[in-house]
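Heads up, my numbering is the position in the sequence shown plus 10, with the first residue counted as 1.
For every residue, glycine included, the Cβ atom is placed at its ideal position computed from N, Cα and C.
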Amino acid sequence: MQVTETSAQGLKREYKVVMPAADLAAKLESQLEDMKGKVKINGFRPGKVPTAHIRRLYGKSIMGDVVQEAVNEANRKIVEDNQLRLAGEPRLDIVGGQEEMEKVLEAKGDFTFT
Numbered sequence: 011m012q013v014t015e016t017s018a019q020g021l022k023r024e025y026k027v028v029m030p031a032a033d034l035a036a037k038l039e040s041q042l043e044d045m046k047g048k049v050k051i052n053g054f055r056p057g058k059v060p061t062a063h064i065r066r067l068y069g070k071s072i073m074g075d076v077v078q079e080a081v082n083e084a085n086r087k088i089v090e091d092n093q094l095r096l097a098g099e100p101r102l103d104i105v106g107g108q109e110e111m112e113k114v115l116e117a118k119g120d121f122t123f124t
């Protein structure tokens, strides 16, 4: 995760965070492996569902959870590292729009937000 401060005006701070696709993909694989033992799908014995099948069924929603956890982790890291006291909720702007987010959810692109 790469964090850079882009703006500091008065009480307002803006940071740009870039999360490499490889890191997100690794977290996704970890989540899929955790789910593998828990998910029950007709036609498969419990715990024997192929990871590729779980990815096809639940991949985007799991990646959404991974991205949300990554955003929360980045916010927490920024606040702790810079010893900030938040006056309000952090605002999140995703760089790149909808098609860029689709690449992130498919684990094919870096996730960038400010």
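Test item: CB-CB of residue i and residue j under 8 Å
i, j, result
"Met-45", "Ala-117", "no"
"Leu-21", "Ala-84", "no"
"Lys-70", "Leu-102", "no"
Per DSSP, cross-strand counterpart(s) of residue i
i, result
"Arg-7", "Lying outside 11 to 124, the shown extent of the chain, residue 7 is not represented and no answer is given."
"Phe-123", "Val-27 and Ile-104"
"Val-13", "Val-27"
7 Å CB neighbourhood of residue i in its chain, flanking five on each side removed
i, result
"Val-105", "Thr-122, Phe-123 and Thr-124"
"Tyr-25", "Val-13, Thr-14, Glu-15, Thr-16, Ile-88 and Thr-124"
"Ala-31", "Ala-117, Lys-118, Gly-119 and Asp-120"
C-alpha gap between residue i and residue j, whole angstroms
i, j, result
"Gln-12", "Asp-33", "11 Å"
"Glu-90", "Lys-48", "35 Å"
"Val-28", "Gly-119", "10 Å"
"Thr-16", "Ile-64", "39 Å"
"Leu-94", "Val-81", "17 Å"
"Lys-113", "Ala-35", "12 Å"
"Phe-54", "Ala-62", "13 Å"
Same chain, Cβ closer than 8 Å to residue i, five either side skipped, listed in chain order
i, result
"Met-111", "Ile-104"
8 Å Cβ cutoff, residue i in contact with chain B
i, result
"Gln-78", "In summary, chain B is missing from the structure at hand, where a single protein chain is found."
Contact set for residue i: own chain, Cβ-Cβ below 6 Å, skip 5 residues either direction
i, result
"Arg-66", "none"
At a cut of 8 Å, does the region 34 to 50 reach the region 72 to 89 through at least three beta carbon pairs? Yes, since at least three Cβ pairs between the region 34 to 50 and the region 72 to 89 fall closer than 8 Å, the two stretches touch.
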